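Residue numbers (UniProt numbering): 1 to 92. These notes are about the structure you will find just below.
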């Protein structure tokens, strides 16, 4: 399953401080989801996560937004299963 469906990667960026303009700054980037609970977490889900990450990092750097932590998380089997179920449910 991981080889067939697990191409998508997750990258998490934790910003040093809350930035109210972050959603506007990253608006044009596809596959970029922002966690608004704390306002400091950016989560990227994409098969091209490296390319999306480069775009996000450039925008953050150009706007002097400081990053506290960055981590790459491989897609786990639970996420693959949930994605498959969602995709199949939308077919009906």
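Yeah, the Cβ is synthetic: ideal placement off N, Cα and C, and Gly gets one too. All values reported here derive from a predicted model rather than from experimental measurement.
ask   = In the structure shown, what three-state DSSP assignment does residue 71 receive?
value = Indexing the chain shown from 1 puts residue 71 at position 71. Residue 71 falls in the strand class under three-state DSSP.
request  = Just mark residue 38 as buried or exposed, buried being the case when its beta carbon has 16 or more other beta carbons within 10 Å.
outcome  = Taking the first residue of the chain shown as 1, we reach residue 38 at position 38. Label assigned to residue 38: exposed.
query = So, do the segment 5-24 and the segment 73-80 have three or more beta carbon pairs nearer to each other than 8 Å?
reply = Result yes; three or more Cβ-Cβ pairs closer than 8 Å.
request  = Give the secondary structure of residue 85 by DSSP, where H, G and I count as helix, E and B as strand, and everything else as coil.
outcome  = Numbered from 1 along the chain shown, position 85 holds the residue referred to as residue 85. The three-state secondary structure of residue 85, taken from DSSP, is helix.
query = Hey, how far is the Cα of residue 47 from the Cα of residue 33?
reply = Your numbering for residue 47 matches position 47 in the chain shown. Your numbering for residue 33 matches position 33 in the chain shown. When rounded, the distance between both Cα atoms is 14 Å.
task = Give the straight-line distance between the Cα atoms of residue 85 and residue 78, rounded to the nearest whole angstrom.
result = Locating residue 85 in the chain shown gives position 85, counting from the first residue. Locating residue 78 in the chain shown gives position 78, counting from the first residue. Their Cα atoms are separated by approximately 11 Å.
ask   = From the DSSP output, which residues share a beta bridge with residue 22?
value = Taking the chain shown and counting its residues from 1, the one referred to as residue 22 is at position 22. Answer is none; residue 22 lacks a bridge partner.
request  = Quickly, what does DSSP pair residue 15 with across the bridge? List them, please.
outcome  = Numbered from its first residue, the chain shown carries residue 15 at position 15. As computed with DSSP, residue 15 is found in a beta bridge with 67.
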